[in-house]
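These notes concern the structure reproduced below.
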Amino acid sequence: MLGAPRARSAIRGLHGLQRAYFSSTSAAKADFTHAVIGGGVVGLAIARQLSRRPDASTVLIERHSAVGTETSSRNSEVIHAGIYYGAGSLKTRLCIRGRELLYDLCARRDVGHRRTGKWIVAQTEAQREALERIERFCREEIGVPLRWVGAREVEREGEGVRAEAGVLESPTTGIVDSHGLMVCLTGLFEDAGGVVALNSPVEDVNPLGDNGDGGWQVDVRDASTGETSAITAETIINAAGLGAVNVHNMIVPESERKKLYYAKGNYFSYGASHPRVSRLIYPAPEPGAGGLGTHLTLDLGGQLRFGPDVEWVDSPHDLAVNTARFDQAVAEIRKYLPGIDVASLRPDYAGIRPKLGKLGAVGAGKGFQDFVIRKEDGYEGWVNLLGIESPGLTSSLAIGEMVEEIMYGSVTK
Ligand SMILES: Cc1cc2nc3c(=O)[nH]c(=O)nc-3n(C[C@H](O)[C@H](O)[C@H](O)COP(=O)(O)OP(=O)(O)OC[C@H]3O[C@@H](n4cnc5c(N)ncnc54)[C@H](O)[C@@H]3O)c2cc1C
Numbered sequence: 496m497l498g499a500p501r502a503r504s505a506i507r508g509l510h511g512l513q514r515a516y517f518s519s520t521s522a523a524k525a526d527f528t529h530a531v532i533g534g535g536v537v538g539l540a541i542a543r544q545l546s547r548r549p550d551a552s553t554v555l556i557e558r559h560s561a562v563g564t565e566t567s568s569r570n571s572e573v574i575h576a577g578i579y580y581g582a583g584s585l586k587t588r589l590c591i592r593g594r595e596l597l598y599d600l601c602a603r604r605d606v607g608h609r610r611t612g613k614w615i616v617a618q619t620e621a622q623r624e625a626l627e628r629i630e631r632f633c634r635e636e637i638g639v640p641l642r643w644v645g646a647r648e649v650e651r652e653g654e655g656v657r658a659e660a661g662v663l664e665s666p667t668t669g670i671v672d673s674h675g676l677m678v679c680l681t682g683l684f685e686d687a688g689g690v691v692a693l694n695s696p697v698e699d700v701n702p703l704g705d706n707g708d709g710g711w712q713v714d715v716r717d718a719s720t721g722e723t724s725a726i727t728a729e730t731i732i733n734a735a736g737l738g739a740v741n742v743h744n745m746i747v748p749e750s751e752r753k754k755l756y757y758a759k760g761n762y763f764s765y766g767a768s769h770p771r772v773s774r775l776i777y778p779a780p781e782p783g784a785g786g787l788g789t790h791l792t793l794d795l796g797g798q799l800r801f802g803p804d805v806e807w808v809d810s811p812h813d814l815a816v817n818t819a820r821f822d823q824a825v826a827e828i829r830k831y832l833p834g835i836d837v838a839s840l841r842p843d844y845a846g847i848r849p850k851l852g853k854l855g856a857v858g859a860g861k862g863f864q865d866f867v868i869r870k871e872d873g874y875e876g877w878v879n880l881l882g883i884e885s886p887g888l889t890s891s892l893a894i895g896e897m898v899e900e901i902m903y904g905s906v907t908k
């Protein structure tokens with residue numbers, strides 16, 4: 496795996512590669528040390544991390560004409576604190592580490608972000624108890640700071656927010672400009688010699704030698720000409736988001752193929768200047784729900800938006816906001832923001848969570864699904880990432896570290 500030659504030329508797309516570089520027998524002659532499939536925030540973070548290794552070359556392969564046009568640009572842009580995902584989960588560990596890394600990178604590289612803080616609001620005793628469990632878990636087990644907000648403070652500082660049964664504040668939650676972050680990661684990756692191959696849908700992936708010990712062949716189609724070409728890499732990292740299960744299924748035998756489920760989240764923007772809310776507002780999480788509940792988030796300009804709900808859909812392309820969901824969203828929002836002007840709500844955008852089952856998003860309750868990030872047994876040099884839903888944006892830089900650790904046993908600082 497180590498000590499591969501650098502990429503032979505600073506090409507921008509795979510289609511400039513000469514076939515002569517292709518070797519089907521020896522990983523040492525592979526075109527690249529690492530091929531990262533998927534140019535979302537997670538693939539970018541991994542590619543940037545791997546590009547820091549000396550004497551290694553990395554290509555990032557993306558099917559669209561730009562990076563970050565799928566789930567990474569269709570989310571709440573929240574830097575999560577890491578409080579929901581239970582003890583010992585990858586989501587908890589990577590979210591906490593990723594948050595620290597993200598705030599640090601944003602500060603050093605001038606990526607737009609703000610530590611807004613967030614209030615989680617309870618309207619019923621059962622919801623209050625759910626918040627108490629979260630507060631205890633964070634205090635006793637993971638050391639993430641939370642604070643109970645007293646009723647008078649809610650009245651005084653609450654900006655019209657209703658919380659009948661209590662408010663738990665998460666001071667480390669914030670927001671980030673996800674596009675700015677991806678521009679930054681792309682720049683860092685390219686500056687380190689990384690190659691971004693756009694318009695390059697991966698159509699097939701095959702291990703060479705004995706299950707990948709001779710490297711990997713990745714077949715990509717040129718999205719504009721339709722021509723297919725092959726590149727080789729010593730290692731592959733599948734970070735293809737909504738396409739990751741397809742890539743997985745290209746490699747494994749039929750009996751090990753997986754199915755992906757699509758949980759759409761619809762967002763509604765808010766055009767009025769009142770009520771004006773300056774922090775994120777989340778309802779208490781419902782055990783077993785596929786998301787965190789229709790919440791209030793802000794963009795960096797202070798504009799309010801609400802969402803996402805959970806709508807199971809059959810296609811990863813079903814990205815139109817479902818306006819039939821409007822009344823339900825209004826009912827959810829009114830529970831914590833009764834002064835909302837309904838006429839100022841508009842359908843905004845939708846994103847789709849890549850789910851490995853119709854399972855819950857929070858650690859409490861049945862059926863929690865963690866991230867899958869692992870070197871696949873029985874293969875050499877394949878790291879597979881499946882089900883990278885929320886908090887994948889927050890966790891992205893820590894996922895990059897984890898992938899390097901899996902591959903090399905160490906992390907390059
Ligand atoms: C509604 C919603 C709200 C969310 N809110 C938050 C939040 O507030 N905070 C947070 O931390 N996380 C949040 N998330 C999760 C976060 O957005 C994702 O975890 C993260 O963006 C995943 O990044 P990714 O790179 O894995 O996937 P993607 O952004 O989907 O990138 C995968 C890339 O792979 C490419 N690809 C796929 N197949 C192929 C192929 N065959 N060949 C070449 N390229 C391919 C795609 O074109 C795509 O660009 C939210 C997610 C959703 C859906």
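Residue numbering for the sequence shown follows my numbering, starting at 496 and increasing by one per position.
Glycine included, C-beta positions come from ideal geometry on N, C-alpha and C.
Quick caveat: nothing in here was measured; it's all calculated off a predicted structure.
By the neighbour-count criterion, in which 16 or more other beta carbons inside 10 Å mark a residue as buried, W614 falls on the buried side. Judged by beta-carbon spacing, A735 lies within the 8 Å limit of G533, meaning their Cβ atoms are closer than that value. Proximity to A838 across G862, Y765 and L832 peaks at Y765, based on C-alpha coordinates. Sixteen is the threshold: since fewer than 16 other Cβ atoms of the shown chains lie within 10 Å of the Cβ of D605, the residue is exposed. Look at V697 here: in three-state DSSP terms it is strand. Look at Y598 here: in three-state DSSP terms it is helix. A distance of 8 Å or more separates the beta carbons of A561 and L683.
Exclusion of L793 from the 7 Å shell around ligand 1 follows from its C-beta lying no nearer than that to any non-hydrogen atom of the ligand. Residue nearest to A718 within the set V697, A728 and S568 is V697 (criterion: CA-CA distance). Set against 7 Å, the gap from the CB of L892 to the closest heavy atom of ligand 1 is not smaller. Look at H608 here: in three-state DSSP terms it is strand. In this structure, the straight-line span from the alpha carbon of H769 to that of S905 is close to 50 Å.
In the DSSP assignment, the residues bridged to A725 are D714.
Cβ contact annotation for P811 (same chain, cutoff 6 Å, sequence separation greater than five): L737, Y757 and I847, in chain order.
Per DSSP, the unbroken alpha helix (DSSP H) holding N741 starts and ends at A739 to I746.
Apart from sequence neighbours up to five positions away, the residues of its chain that approach V740 with a beta-carbon distance below 6 Å are K753 and L755, ordered along the chain. For A856 and Y598, the gap between their C-alpha atoms comes out near 24 Å. With fewer than 16 other Cβ atoms from the protein chains shown falling within 10 Å of its own Cβ, T720 counts as exposed. Distances from the CB of V691 to the heavy atoms of ligand 1 are all 7 Å or more.
Taking a C-beta distance under 8 Å as the contact criterion, T528 and A542 do not qualify as a contact pair. Relative to ligand 1, even the nearest heavy atom lies 7 Å or more away from the CB of T723. It is roughly 26 Å from the alpha-carbon of R651 to the alpha-carbon of R628. Partner residues in the beta bridge of S665, as assigned by DSSP, are K613. Sorting E871, Y762 and G852 by C-alpha distance to the C-alpha of G862 places G852 at the top. The three-state reading of DSSP puts D843 in strand, counting E and B together. Sequence-distant Cβ neighbours of L626 in its own chain, meaning closer than 7 Å and more than five residues away, are I615, A617, G661, L663 and A779. Residue environment: A658 is assigned as buried (16 or more neighbouring CB atoms within 10 Å of its CB, all protein chains considered). The shortest CA-to-CA distance from V690 to any of E557, K830 and E781 is the one to E557. Looking at the backbone, the Cα of T730 and that of E899 are separated by about 11 Å. Taking each of E884, G535 and E781 in turn and checking the Cα distance to T619, the smallest one comes out for E781.
Put simply, the segment 575-583 touches the segment 635-644. At least three CB pairs are less than 8 Å apart. Taken from the Cβ of G563, at least one heavy atom of ligand 1 lies inside 7 Å.
DSSP places L880 in no alpha helix (DSSP H) but in the uninterrupted beta strand (DSSP E) bounded by W877 to L881. In the three-state DSSP reduction, S764 falls in the strand class (E or B). Put simply, of R841, P833 and D809 the residue whose alpha carbon is nearest the alpha carbon of R820 is R841. Within the chosen limit of 7 Å, ligand 1 reaches the beta carbon of S695 through at least one heavy atom.
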